[in-house]
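Here the structure comes first, spelled out in structure tokens, and everything after it is commentary.
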Amino acid sequence: MSSNAAAIRRVAVLGAGVMGAQIAAHLANADVPVVLFDLPAKDGDPNRIVTEAIANLVKLNPAPFAVRERAESIQPANYDQH
């Protein structure tokens with residue numbers, strides 16, 4: 160890496176569908192903190208869509224996470240609150 164390269168401190172991924180969630184997992188594997196956004200849920204926890212997407216990533220086989228604990232570096236968010 161070039162000495163002039165800026166350090167990546169955090170990445171936002173817009174959309175917690177299949178592709179967005181997998182991109183978030185890939186970044187988490189690279190030890191990059193991720194904020195994963197999606198629409199707010201219509202009832203209950205507004206971040207439920209993202210929280211469920213992260214939970215589904217942990218259940219996948221083959222697992223998208225090199226280490227299961229990497230899922231914790233994905234922060235759920237929604238477009239209305241952030």
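Position in the sequence shown (from 1) plus 159 gives the number in our numbering. Virtual Cβ for every residue (Gly too), placed ideally from N, Cα, C.
Closest residue to residue i among the options (Cα-Cα distance)
i, options, result
"L195", "I233, H241, D239 and Q240", "I233"
"A166", "P199, N220 and V191", "V191"
"I208", "P221, V226, I182 and A175", "A175"
Beta-carbon contacts of residue i that lie in its chain and below 8 Å, excluding the five residues immediately before and after
i, result
"A187", "V193, F224, R229, A230, S232 and I233"
Per DSSP, the bridge partner or partners of residue i
i, result
"F196", "L173 and A236"
Distance between residue j and residue i (C-alpha atoms, nearest Å)
i, j, result
"P205", "H241", "11 Å"
"K218", "Y238", "25 Å"
"M178", "D202", "24 Å"
"V170", "P221", "24 Å"
Cut-off 7 Å between Cβ atoms - residues of its own chain near residue i, not counting five sequence neighbours on either side
i, result
"A184", "L216, P223 and F224"
"Q181", "P223"
Where the alpha helix (DSSP H) through residue i begins and ends
i, result
"V217", "R207 to K218"
Contacting residues, own chain, Cβ-Cβ under 6 Å from residue i (five flanking each side not counted)
i, result
"I213", "A230 and I233"
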